[in-house]
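Written below as structure tokens is the structure these notes are about.
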Amino acid sequence: MIFRILLLLIKERYICKIVSKTCLFFFNIFLWIVAVAVLAGVAYYFYTADLYKGVAGNKDIFTYNVAPLVILVLVAIMLFVVSVLGLIASCFNVRVLIILYGILLACVVAAQVAGGMLVIGFQGPVRTELATGFRENLPIYNVSIVFSTAVDTIQSQLGCCGVDSYTDWENIGIPASCCINTITDCTPPNKYNIYTKGCGTKLNAIIKQSATISFFVAIVLALIQASGVVVAFILGCCCCRKEQDESMMEMRRNLPKY
18 MIFRILLLLI KERYICKIVS KTCLFFFNIF LWIVAVAVLA GVAYYFYTAD LYKGVAGNKD
78 IFTYNVAPLV ILVLVAIMLF VVSVLGLIAS CFNVRVLIIL YGILLACVVA AQVAGGMLVI
138 GFQGPVRTEL ATGFRENLPI YNVSIVFSTA VDTIQSQLGC CGVDSYTDWE NIGIPASCCI
198 NTITDCTPPN KYNIYTKGCG TKLNAIIKQS ATISFFVAIV LALIQASGVV VAFILGCCCC
258 RKEQDESMME MRRNLPKY
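In the working numbering, the protein residues as written are 18 to 275.
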């Protein structure tokens, strides 16, 4: 059914041209919005990165995220470039530019899917390194301001204590951020005055959820962008047919009349 509709649009040159150009125009506006959203997501990642980096200590968990972040930035830049190219190509009906637009957009789709797969693939090592770094740095809680600030922020915001449970702090001293009510004293600790669940499980859940959402968002956007590739090649076919018709009319006008 869809294939027949596409063929009908290609045969009807005028309808094909108007519909394709309109769809491509609004689609390129959508690409700009997506590019801005991607850059905003990367900026938010760097905004929150220091907090998790402080918990991980000397564990460089962000080396795993370099490749996905680089791909996302390149995707955003390419989306800006491709959308401008698409607007120029559709407005002036330049067949070569329209086909180039479709090819570049297909490359962006492939890069986007690859970035989503890398995010899913690297979430396991990131979770492991984060938990290991957190556990190894517990003894320096009272020494390192960076570590203690990061830990207090995470424990108070997530409502957790320690890596596995509050017992991780037995030899160090339970921080005030583990208390359900930080105003009152929570010693001796019990299930009524202290967070009993560890932060490791909650951090793992957050990382896993974020990676899963990022992956599915990348796939959905890739499918939407793939429709732009189809529209571009339809418009390219329309332009090609127009050039052929104009060439045939020119040949007929130049034929000798008897």
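Even for Gly, the Cβ is constructed at its ideal location relative to N, Cα and C.
Since the structure is predicted, the reported quantities are computational estimates derived from the model, not experimental observations.
(1) Within the same chain, show all residues whose beta-carbon is closer than 8 Å to that of ILE236, passing over the 5 residues directly before and after it, in chain order.
(2) Touching or not, the segment 174 to 187 and the segment 208 to 216, by the rule of three or more beta carbon pairs under 8 Å?
(3) Which residue's Cα is closest to the Cα of LEU102: TRP49, ALA57, LYS70 and GLY141?
(4) Return the chain-ordered list of same chain residues with a C-beta closer than 7 Å to the C-beta of VAL111, the five sequence neighbours on each side being excluded.
(5) I'd like to know if the segment 114 to 127 and the segment 144 to 155 are in contact, where contact means that at least 3 CB-CB pairs between them fall below 8 Å.
(6) Evaluate contact between the segment 84 to 92 and the segment 171 to 181, counting only Cβ atoms and requiring at least three cross-stretch pairs below 8 Å.
(7) Count the other CB atoms, across all protein chains shown, that sit within 10 Å of the CB of GLY190; report buried if there are 16 or more and exposed otherwise.
(8) Would a C-beta distance cut-off of 8 Å place GLY245 and PHE97 closer than the cut-off?
(9) With the cut-off set at 8 Å, would you say ALA167 and GLY58 are in Cβ contact?
(10) Could you check what DSSP says for GLU260 in three-state terms: helix, strand or coil?
(11) CYS124 lies in the alpha helix (DSSP H); which residues open and close that run?
(12) Along the chain, where does the alpha helix (DSSP H) that runs through SER173 open and close?
(13) Which value, in whole angstroms, describes the spacing of the CA atoms of ASN221 and LEU117?
(14) Spatial neighbours of VAL99 within its chain, please: CB distance less than 7 Å, with the 5 preceding and 5 following residues excluded, ordered by chain position.
(15) Since I believe ASN210 is in contact with CYS196 (beta carbons under 8 Å), could you give me their beta-carbon distance rounded to a whole number of angstroms?
(16) Run through DSSP, which three-state label would LYS38 get?
Looking at the atomic coordinates:
(1) These residues qualify, in order along the chain: VAL130 and GLY133.
(2) Contact check between the segment 174 to 187 and the segment 208 to 216: three or more CB pairs, one atom from each, fall below 8 Å, which counts as touching.
(3) Cα-wise, what sits closest to LEU102 is TRP49.
(4) For VAL111, where only same-chain residues beyond five positions count, there are no Cβ hits under 7 Å.
(5) The answer is no - the segment 144 to 155 does not touch the segment 114 to 127, with fewer than three Cβ pairs under 8 Å.
(6) With the cut-off at 8 Å, the segment 84 to 92 and the segment 171 to 181 do not touch.
(7) When all chains shown are included, GLY190 counts as exposed.
(8) Not closer than 8 Å, so no.
(9) No, the pair does not count as a contact, with Cβ atoms beyond the cut-off.
(10) For GLU260, the pLDDT reaches just 47, beneath the cut-off of 50, and the residue's location in the model is therefore unreliable, leaving the point undetermined.
(11) That run of the alpha helix (DSSP H) goes 112 to 153.
(12) That run of the alpha helix (DSSP H) goes 162 to 175.
(13) Rounded to whole angstroms, ASN221 to LEU117 spans 42 Å at the Cα level.
(14) Contacts found: LEU48, TYR118, LEU121, LEU122 and VAL125.
(15) Their Cβ separation, rounded to whole angstroms, is 6 Å, which keeps CYS196 and ASN210 in contact under 8 Å.
(16) In this structure, LYS38 counts as helix in the three-state DSSP scheme.
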